[in-house]
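Asker:
Numbering (this note's numbering), first residue to last: 70 to 381.
(1) Specify, as a first and last residue, the run of the alpha helix (DSSP H) that residue 192 falls within.
(2) Check whether the region 236 to 249 touches the region 82 to 92, taking contact to mean three or more Cβ pairs, one atom from each stretch, closer than 8 Å.
(3) Quick check on DSSP: helix, strand or coil for residue 134?
(4) Output yes or no for whether 8 Å exceeds the beta carbon distance between residue 329 and residue 316.
(5) Measuring CB to CB, does residue 222 end up less than 8 Å from residue 260?
(6) List the residues that DSSP assigns as beta-bridge partners of residue 158.
(7) Return the chain-ordered list of same chain residues with a C-beta closer than 7 Å to the C-beta of residue 79, the five sequence neighbours on each side being excluded.
(8) Given a cut-off of 8 Å on the beta-carbon distance, is the pair residue 212 and residue 146 in contact?
(9) Output the residue ranges of the alpha helix (DSSP H) runs that lie fully inside the region 352 to 379 and measure 4 residues or longer, sorted by chain position.
(10) Taking the Cβ atom as the reference point for each residue, do residue 382 and residue 192 lie within a distance shorter than 8 Å?
(11) Less than 8 Å between the beta carbons of residue 336 and residue 305, yes or no?
(12) Assuming residue 300 is part of the beta strand (DSSP E), what are its boundary residues?
(13) Determine the contact status of residue 254 and residue 214, defining contact as a CB-CB distance below 8 Å.
(14) Can you grab the Cα-Cα spacing for the pair residue 162 / residue 110, in whole Å?
(15) Which residues bound the alpha helix (DSSP H) around residue 163?
(16) Using only alpha-carbon positions, find the residue among 204, 88 and 303 that is nearest to residue 143.
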């Protein structure tokens, strides 16, 4: 399975088991050096890591888990495989080496913008420059387990390395796992916790929301709750414009959610857009007339506009 990268995202995703079996067949056929890229969530990656050795028992499979940013994958792999017999090496965690050098705004990340990238993460320069050494010195199959975020990074910023791919596979998330992960992310949502996250943790959290919102099996209620929480997260990192966009996505689906209208008003006020904020607070109060926080912030917005009598 070697999809054309240009139209890959436009195709409907295959069923999870069918996509997995395509990967298994490709790995069974391939011998020697090869580069395989598998788009999947971290949870799906762990499932694949557990399942693949059972389905390809005649091949020696090892797993390299990266838990921090690195600049040199070749040296890490060479040390890891020393004195090991390997046919397939699964690599998880390359994302950490991208988060460290991510300079885009969170809004640009959520929109998938790459045009404003001014530098290439060290790890991608390394992959571009050392691909011959990987091929000549490490004669086994590399299987990179990556989020869509990382796949896009490789396409745009490590094209020389990515062009040597033997296959690109997308493992869709099962409906059950979509529901389970969505519920977890929604229940974990907490503004104070968001404030304490490191820059890398914030990027990872944004990508979790993004991946789940892109799932075709996502329910309407969960989609609204995820957009609401994503807006909360974006507001916590002072990305008010992006937060407003998330709230508007939720409103487009379910316009009767007073908390979404209220939070949109807060984000608008943070940008000094008090007239628009008042409209949002009015919408929240129309749905829930006894919402005291909305009345309070409605008055503050009026005061900031110099409409003192109305504010009192």
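We treat Cβ as the ideally placed atom computed from N, Cα and C, and that holds for glycine. If you're wondering where the values come from, they're calculated on a predicted model, not measured in any experiment.
Answerer: Inspection of the coordinates gives the following:
(1) 191 to 206
(2) yes
(3) strand
(4) yes
(5) no
(6) 131 and 211
(7) Only weak support is given to the placement of residue 79: the predicted model assigns it a pLDDT of 43, under 50, and the question is left unresolved by the model.
(8) no
(9) 361 to 373
(10) Residue 382 lies beyond the stretch modelled for the chain, which goes from 70 to 381, so this question has no answer here.
(11) no
(12) Looking at the DSSP string, residue 300 is not in any beta strand (DSSP E); the run it does join, the alpha helix (DSSP H), is 289 to 305.
(13) no
(14) 11 Å
(15) Where residue 163 is concerned, there is no enclosing alpha helix (DSSP H), given that its DSSP letter is neither H nor E.
(16) 204
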